[in-house]
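Single-structure report; data block below.
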Amino acid sequence: MFAWYGNGRLARTVVALGAVSALTIGGAVTASAALPKVTGPTPAGTAKPTSAKYTALNGGVTDGTYWYSVVSEHAKSGTKVYDSTQLIKTKLYASTPTKIATFRIRSGHHTNLLGHGNDIAYNADTKRLMIPAWTNDDSVQGATQARAVRIINPGTLAIEKTIQLPHTTTGLCYDAVGNRYAGGTLNQYYAYNSAFKETGKSAKLAMTGLGQGIDCDQSYVYVITSPKGTQKTNRIFVYNWSFKLVRTYEHTSGSESEHLTHQRGTYYLGFNIGAGRLYRLENFQFTVTYAAAGGTGSMSPTVVLYGRSTALRKNTFTRSGHTFAGWTAKRSFDDKTRYQNPKDTSKTGWYAAGHQPSGWKPYLYKNGATVLHTTPRGAVALTAVWRAT
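If you count by mature numbering (1 follows the signal peptide of the UniProt record, and there is no 0), then the sequence shown holds residues -33 to -1, 1 to 356, one letter each, in order.
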């Protein structure tokens, strides 16, 4: 993407994604904290526009089945530059688009309806894409264009309506658990409820690099920046919903990252390589879910930053005539359950059911136990174990 700060336009720098990429922790790290790494990296999608003129990946998001990406054509008319954009729908891990919609400027003075297409949010409740219409090119813009968000049908890729946010917005994300949004521009973000009523805002955030898209879940807001100046790598700044910095990660590729997106505990990072590539991140995040197994009640998931010790929620499920004994764990990454040798409890391992060593029993996580690097991605399903009283 291009980001515009002050009066100057920043030029794009694109280099090939290296064979070895990693997420490392910025700042001080405790001795027990593992350094998160992107293994592979594993390609998860390729943006293929209808014309080779569309060379710049911008915003993107996944609904868990498809990757929706915006690519731009920087067309010149005299001394001015105008963005034309295509919105591309591609099934995850595929390279052939399912559908493409073109939003083109005519005669050099029409507003590009998607603007720069800098970011995309997906509202899992309304099942709609949301694209900020901010732009930094020379297109003619309405007075409220920087606050406009296009609501798009993911099936047809057609704009259904436009809403206006209270503040200029280049990055936008939606937390389906909390039914809330975060949005804004680099160094200034706002929290909104489902009706876009402002519920909080950040101070001026001290971040480096070239501002890109954002993502969020029930626990954190993630802001990504790509290489600029002395910053030669990509960074992911992790904030809580009060916009206090929790942790900073660094992706060692020098390619320009454009957007971060996730579904069901699996995170993806879009890079401006070719017209756009999506890569799956590992050893970055995972989600812990809780199941009552015959009990009653509900418990919210826990988001774990990989390598950062995080306490599991204390059990709130109840079951008549039973006491809670602990949690068994099964991870979606490889469909394996954690087992333990009852004769030597220091020995544990993850095995497919029926393939654990003879005599080993499911490992029981204690109430309120902490986890650190239980799975490289996805979800860990904890199931309550009850003992009759």
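Heads up, the beta-carbon is just placed ideally off N, CA and C, and yes, glycines get one too.
Treat the numbers as computed from the prediction; the structure is a model and nothing was measured.
Q: Answer yes if the stretch 134 to 154 comes into contact with the stretch 185 to 197, meaning at least three C-beta pairs across the two stretches below 8 Å, and no otherwise.
A: yes
Q: Using only alpha-carbon positions, find the residue among 306, 324 and 311 that is nearest to residue 317.
A: 306
Q. For residue 351, which of 159, 173, 315 and 294 has the nearest alpha-carbon?
A. 294
Q) Thinking just about the alpha-carbon of each residue, which of 128, 23 and 106 is nearest to the one in residue 85? A) 23
Q) When the Cα of residue 380 is compared with those of 92, 303, 331 and 300, which residue comes out closest? A) A question about residue 380 goes unanswered here, because the residues of the chain that appear run from -33 up to 356.
Q | Residues that residue 278 bridges to, as DSSP identifies them | A | 337
Q: Have a look at 133, 118 and 132 and flag the residue whose alpha-carbon is nearest the alpha-carbon of residue 126.
A: 118
Q | Residue nearest to residue 29 in terms of C-alpha spacing, selected from 19, 43, 11 and 38 | A | 11
Q | Nearest candidate by alpha-carbon position, reference residue 155, set 130, 129 and 189 | A | 189
Q: Would you list the one or two residues that DSSP bridges to residue 40?
A: 51
Q: Could you check the C-alpha separation between residue 303 and residue 320 for me, to the nearest Å?
A: 7 Å
Q: Go ahead and label residue -26 buried or exposed: buried means 16 or more other beta carbons lie within 10 angstroms of its beta carbon, across all protein chains shown.
A: Confidence at residue -26 is low in this model, with a pLDDT of 29, below 50, so its placement is unreliable and the value that follows should be read with caution. Exposed, by the Cβ-count rule.
**Q.** Straight-line gap, residue 328 to residue 296 (C-alpha atoms, nearest Å)
**A.** 12 Å
Q: Please list, in chain order, all residues of the same chain as residue 6 whose beta carbon is under 8 Å from its beta carbon, the five residues on each side excluded.
A: Only weak support is given to the placement of residue 6: the predicted model assigns it a pLDDT of 47, under 50, and the value that follows is read from those uncertain coordinates. Cβ within range, chain order: 249, 250 and 343.
Q: List the whole-angstrom C-beta distance separating residue 238 from residue 222, where the pair is believed to meet the contact cut-off of C-beta under 8 Å.
A: 5 Å
Q) In or out: residue 287 buried (at least 16 other Cβ within 10 Å) or exposed? A) exposed
Q: In the DSSP assignment, find the beta strand (DSSP E) that holds residue 327 and state where it starts and stops.
A: Looking at the DSSP string, residue 327 is not in any beta strand (DSSP E), and its letter there is neither H nor E.
Q.
So, at 7 Å on beta carbons, what are the nonlocal neighbours of residue 230 in its own chain, with the 5 sequence-adjacent residues on each side left out?
A. 29, 30 and 31
Q. Among the residues of its own chain, which have a CB less than 8 Å from the CB of residue 290, if the five just before and after it don't count?
A. 353, 354 and 356
Q. With burial defined as no fewer than 16 other Cβ atoms inside 10 Å of the residue's Cβ, what is the status of residue -2: buried or exposed?
A. At residue -2 the pLDDT is 28, less than 50, meaning the model places this residue with poor confidence; the figure from the coordinates comes in the next sentence. The residue in question, residue -2, is exposed, as its Cβ has fewer than 16 Cβ neighbours within 10 Å.
Q: Would you mind stating whether residue 83 and residue 44 have Cβ atoms separated by less than 8 Å?
A: no
Q) Is the stretch 262 to 274 touching the stretch 52 to 63, taking contact as three or more C-beta pairs under 8 Å? A) no
Q: Given a cut-off of 8 Å, decide if residue 179 and residue 225 are closer than it, judged by their beta-carbon atoms.
A: yes
Q. Looking only at its own chain, which residues have a Cβ that is under 7 Å from the Cβ of residue 124, when we skip the five neighbours before and after it?
A. 54, 56, 66 and 68
**Q.** Cβ separation of residue 115 and residue 129, assumed to be a contact under 8 Å, to the nearest whole Å
**A.** 5 Å
Q: Let me know if residue 243 comes out buried or exposed under the rule of 16 or more other beta-carbons within 10 Å of its beta-carbon.
A: buried
Q) Going by other Cβ atoms of all chains shown within 10 Å of its Cβ, with 16 needed for buried, is residue 347 buried or exposed? A) buried
Q: Return helix, strand or coil for residue 114, following the three-state DSSP convention.
A: helix
Q) How many Å lie between residue 46 and residue 92 at the Cα? A) 44 Å
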